[in-house]
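> Chains A and B, in that order, are what the protein sequence lines are. For the first sequence, the positions run 10 to 139 when my numbering is used. For the second sequence, the positions run 10 to 139 when my numbering is used.
There are 2 protein chains.
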Amino acid sequence: MPPKRKTTTTDEEDDEYRKKRDRNNQAVKRSRVKSKQRTEETQQKVNELRVKNEVLEDKIKNQTKELKFLKELFLTQAQAKSDKLVGVNLAELLKSSDEEEPESDEGSMDSKKKKKKQRSDSGKTGTSKT
Amino acid sequence: MPPKRKTTTTDEEDDEYRKKRDRNNQAVKRSRVKSKQRTEETQQKVNELRVKNEVLEDKIKNQTKELKFLKELFLTQAQAKSDKLVGVNLAELLKSSDEEEPESDEGSMDSKKKKKKQRSDSGKTGTSKT
DNA sequence: AATGATTGCGCAATGG
DNA sequence: ACCATTGCGCAATCAT
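1. Please report whether the beta-carbon of B:T48 lies at a distance below 7 Å from any beta-carbon of chain A.
2. Pull up the CB-CB distance for B:T19 and A:T48, whole angstroms please, since I reckon it's below 8 Å.
3. For B:T19, name the three-state secondary structure that DSSP assigns.
4. Starting from the beta carbon of A:N62, find every residue of chain B whose beta carbon is closer than 8 Å, and list them in chain order.
5. What do you reckon, are the CB atoms on A:L65 and B:L65 nearer than 7 Å?
6. Is the Cβ of B:L84 closer than 7 Å to any Cβ of chain A?
7. Give a yes or no on contact between the stretch 27 to 42 of chain B and the stretch 27 to 46 of chain A, applying the rule of three or more CB pairs nearer than 8 Å.
8. Does the Cβ-Cβ distance between B:L84 and A:L58 come in under 7 Å?
9. Please state whether the Cβ-Cβ distance between A:T51 and B:V60 is less than 7 Å.
10. Under a CB-based cut-off of 7 Å, is B:V42 close to chain A?
11. At least one CB of chain A closer than 7 Å to the CB of B:Q88: is that the case?
12. Going along chain A, which residues have a C-beta under 8 Å from B:K45?
13. Of all the CB atoms in chain B, is at least one closer than 7 Å to the CB of A:Q35?
14. Checking contacts by CB at 7 Å: is B:K68 closer than that to chain A?
15. Express the C-alpha separation of B:N34 and B:R27 in angstroms, rounding to a whole number.
16. Check this for me: beta carbons of A:N62 and B:N62, under 7 Å apart or not?
17. Could you give the distance in angstroms between the alpha-carbon of B:Q88 and the alpha-carbon of B:K68?
18. Note down, in chain order, every chain A residue with its Cβ under 7 Å from the Cβ of B:K54.
19. Report the rounded CA-to-CA distance for A:F78 versus A:Q86, giving the unit in angstroms.
20. CA-CA distance, B:T73 and A:L82?
Listed below in structure tokens is the structure:
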């Protein structure tokens, strides 16, 4: 089925038609430009987010390192001096509050067992939410 | 300048032409499908990255909180007991290893001065911008 | 009913 | 010669 235009047209109709077509062609152009822009912006956003993400990952890596350091230092100190520090359960306190775990008591590991406590965390967030 | 096809064509040429057009039309379709897919995937990636980003921001927030807590606790302890802990300069050590500040010396604030160093956290993690 | 916005589709030019 | 990509116009359809 070839196009669909009329079979008989007056000059005015033709004129009208042309005008209409021209306007539509313009609209199509506008629409496509917009579409293209959106696409490009989206792509750009991906790039930005990727970078931002890396920065964040980095920061986390550093903070994790620092936390590890502090906790070990703290634990070391606590043990080094039989502890008059405070009445808190350090091991529990310093376990790992970033990446919380579903509280399994684990008992208070006192000076007897000095397990290195390898990283076997699992969980999510939840800082010292007293 | 209307189309550009020949003026005189043989049946075979016409046939060839048609075949060619058809193949191109198929190619165009394939090409457009691919293009559309890529666009959608990109959009999807943006969503994923946004989510991942939030998770990371959250983790950072928690770690920052915990670090703050540990450092304060540490500092408190250190001062509470004139300190035989170790020979390190705690204040300096605990300053803040994330976000390297080209800070001025600030000297080693020992047990004499006990500046509270109020953290006037202003605002949020200015990043969630789009 | 009229008009701009979108979208599927084919043509031709062009890139690889 | 062939396929892929792209700008462009047409017509149908959507949305106002």
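Beta carbons are placed, not taken as given, at the ideal position from N, Cα and C, and that holds for glycine.
Once the coordinates are examined:
1. It does; some Cβ of chain A falls within 7 Å.
2. Between A:T48 and B:T19 the Cβ distance is about 44 Å, and since that is not below 8 Å, they are no contact.
3. Annotated three-state conformation of B:T19 is coil, per DSSP.
4. Going along chain B in sequence order, the residues near A:N62 (Cβ under 8 Å) are L58, K61, N62 and L65.
5. Taking 7 Å as the cut-off, the Cβ atoms of A:L65 and B:L65 count as close.
6. Output row for B:L84: interface = no.
7. Fewer than three pairs of CB atoms, one per stretch, sit closer than 8 Å, so the stretch 27 to 42 of chain B makes no contact with the stretch 27 to 46 of chain A.
8. Judged by their CB atoms, B:L84 and A:L58 are not nearer to each other than the 7 Å cut-off.
9. Taking 7 Å as the cut-off, the Cβ atoms of A:T51 and B:V60 do not count as close.
10. Answer no: the Cβ-Cβ gap between B:V42 and chain A never drops below 7 Å.
11. For B:Q88, the answer is no, since every Cβ of chain A falls outside 7 Å of its Cβ.
12. Under the 8 Å cutoff, chain A gives no residues; its nearest Cβ is about 10 Å from B:K45.
13. No, no contact with chain B.
14. The Cβ of B:K68 sits closer than 7 Å to at least one Cβ of chain A.
15. Cα-Cα distance, rounded: 10 Å.
16. With a cutoff of 7 Å on beta-carbon distance, A:N62 and B:N62 are scored as near each other.
17. One C-alpha to the other measures close to 30 Å.
18. When 7 Å is used as the limit between beta carbons, B:K54 is near these residues of chain A: V55, in chain order.
19. CA-CA distance, A:F78 to A:Q86, rounds to 12 Å.
20. If you take the alpha carbons of B:T73 and A:L82, they lie about 18 Å apart.
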